[in-house]
Amino acid sequence: GDSVTQMEGPVTLSEEACLTINCTYTATGYPSLFWYVQYPGEGLQLLLKATKADDKGSNKGFEATYRKETTSFHLEKGSVQVSDSAVYFCALQSGATNKLIFGTGTLLAVQP
Amino acid sequence: GAGVSQSPRYKVAKRGQDVALRCDPISGHVSLFWYQQALGQGPEFLTYFQNEAQLDKSGLPSDRFFAERPEGSVSTLKIQRTQQEDSAVYLCASTPLPGGHNTGELFFGEGSRLTVL
Chain A
1 GDSVTQMEGP VTLSEEACLT INCTYTATGY PSLFWYVQYP GEGLQLLLKA
51 TKADDKGSNK GFEATYRKET TSFHLEKGSV QVSDSAVYFC ALQSGATNKL
101 IFGTGTLLAV QP
Chain B
113 GAGVSQSPRY KVAKRGQDVA LRCDPISGHV SLFWYQQALG QGPEFLTYFQ
163 NEAQLDKSGL PSDRFFAERP EGSVSTLKIQ RTQQEDSAVY LCASTPLPGG
213 HNTGELFFGE GSRLTVL
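In structure tokens form, the structure reads like this:
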């Protein structure tokens with residue numbers, strides 16, 4: 001079945017460091033890919049998305065490119081801030097019901 | 113409010129008790145999902161409704177779990193004879209799109225945290 005694998009955390013970075021969180025997927029067909037973020041004490045919210053191969057999603061300085069050849073959707077940011085500290089989930093959406101399939105999440109802690 | 117609303121936010125149950133968790137989706141949203149998120153894990157799909165029809169319940173872990181959406185809006189997730197392994201955050205999400213349109217985001221509520229003692 002469809003699945004998502006993302007790098008385990010926690011990831012601890014200093015402010016202004018570069019961030020990469022790896023995500024790979026297995027799916028039949030052509031899924032849409034998402035990064036969701038969960039800030040402390042808050043619900044899941046969409047960070048960015050890409051719906052077809054070679055699309056780049058971007059938001060709040062974060063980027064991810066849908067790579068069909070490597071079945072990957074790695075999350076990147078050039079300069080992280082303390083306010084980026086959160087849990088990040090990679091997810092795919094496919095099939096007849098729109099359901100999302102999530103990875104296990106990666107905790108990012110950014111220190112001043 | 114304009115978002116997905118879930119209640120109760122926190123529920124403590126003794127093992128063997130029945131619990132009911134409520135979800136008020138965004139008005140007009142056709143699709144509604146329930147997810148279970150164990151501590152330190154990603155959300156796991158439980159069930160999906162399109163309006164009042166439960167089209168996918170493949171993620172429900174046992175027959176103790178039951179969900180309904182009788183009028184196509186509010187949904188209730190019921191867990192009978194709760195067990196300790198049912199302790200988790202139960203998330204509800206909605207989207208205006210029907211099934212088959214994989215380009216839309218899901219709008220999540222803040223979840224109901226269930227602790228079974």
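Chains as they are written, first to last, in this note's numbering: chain A, 1 to 112; chain B, 113 to 229.
Here a beta-carbon is modelled for each residue, glycine too, at the ideal position from N, C-alpha and C.
Bear in mind the structure is a predicted one, so any value in this text is a computation, not a measurement.
Exercise. CB-CB under 7 Å to A/Leu46, same chain, minus the five flanking residues each way: which ones, in chain order?
Worked result: In its chain, beyond the 5 residues on either side, Phe34 and Tyr36 have a beta carbon closer than 7 Å to the beta carbon of A/Leu46.
For this session: List the residues of chain A whose Cβ lies closer than 8 Å to the Cβ of B/Pro155, in chain order.
Result: Contact note: B/Pro155 reaches chain A through Leu44, Phe89, Leu100 and Phe102, using a C-beta cutoff of 8 Å and chain order.
For this session: Identify which residue in A/Ala27, A/Ser32 and A/Gly43 has its Cα closest to the Cα of B/Gly115.
Result: Out of A/Ala27, A/Ser32 and A/Gly43, A/Gly43 has the C-alpha closest to the C-alpha of B/Gly115.
Problem set entry | Contact list for A/Lys49 against chain B, beta-carbon separation under 7 Å | Ordered by position in chain B, the residues that pass the 7 Å Cβ test against A/Lys49 are Glu217.
Exercise. Taking Cβ positions, are A/Gln38 and A/Gly103 nearer each other than 9 Å?
Worked result: By the CB criterion at 9 Å, A/Gln38 and A/Gly103 fall outside the cutoff.
Problem set entry | Own chain residues within Cβ distance below 7 Å of A/His85, not counting five before or after | Note on residue identity: the sequence assigns Ser, not His, to residue 85 of chain A. The answer, listed in chain order, is Leu108, Ala109 and Val110.
For this session: Select from A/Thr20, A/Ala50 and A/Ala64 the residue whose C-alpha is nearest the C-alpha of A/Pro10.
Result: The option with the nearest alpha carbon to A/Pro10 is A/Thr20.
Exercise. Can you round the beta-carbon distance between B/Gln118 and B/Glu222 to whole angstroms, since I take them to be within the 8 Å contact cut?
Worked result: Rounded to the nearest angstrom, the Cβ distance from B/Gln118 to B/Glu222 is 6 Å, consistent with a contact under 8 Å.
Exercise. Can you list, in chain order, the residues of the region 194-212 of chain B whose Cβ is nearer than 9 Å to any Cβ on chain A?
Worked result: Result list: Leu203, Ala205, Thr207, Leu209, Pro210, Gly211 and Gly212.
Problem set entry | Contact belief for B/Glu164 with B/Gly184 at Cβ below 8 Å, rounded distance in angstroms | Cβ-Cβ separation between B/Glu164 and B/Gly184: approximately 4 Å, consistent with a contact (criterion under 8 Å).
Exercise. For B/Pro182 versus B/His141, is the C-beta spacing smaller than 9 Å?
Worked result: No.
Problem set entry | Through-space distance from B/Arg127 to B/Leu229, alpha-carbon basis | Cα to Cα, B/Leu229 sits roughly 6 Å from B/Arg127.
For this session: Check whether the Cβ atoms of B/Cys135 and B/Val201 lie closer than 9 Å to each other.
Result: The answer is no: Cβ separation not under 9 Å.
Exercise. Grouping DSSP H, G and I as helix and E and B as strand, with all else coil, what is B/Glu164?
Worked result: Note: B/Glu164 maps to coil in three-state DSSP.
For this session: Measure from the alpha carbon of B/Gly216 to the alpha carbon of each residue in A/Lys52, A/Ser72 and A/Lys60, then state which is nearest.
Result: For the residues A/Lys52, A/Ser72 and A/Lys60, the minimum Cα distance to B/Gly216 belongs to A/Lys52.
Problem set entry | Rounded straight-line distance, which links the Cα of A/Leu92 to that of B/Arg63 | The question about residue 63 of chain B has no answer, for chain B in this structure spans 113 to 229.
Problem set entry | Where the beta strand (DSSP E) containing B/Lys126 begins and where it ends | Element bounds for B/Lys126: n/a, residue is neither H nor E.
Problem set entry | Option in A/Val80, A/Leu13, A/Thr26 and A/Glu8 with minimal Cα separation from A/Thr70 | That would be A/Thr26, whose Cα lies nearest to the Cα of A/Thr70.
Problem set entry | As assigned by DSSP and simplified to three states, the class of B/Glu183 | Here B/Glu183 sits in coil by DSSP.
Exercise. Hey, how far is the Cα of B/Thr227 from the Cα of A/Cys18?
Worked result: So the alpha carbons of these two residues sit roughly 38 Å apart.
Exercise. Going straight from the alpha carbon of B/Tyr160 to that of B/Asp168, what length do you get?
Worked result: Roughly 5 Å between the two C-alpha positions.
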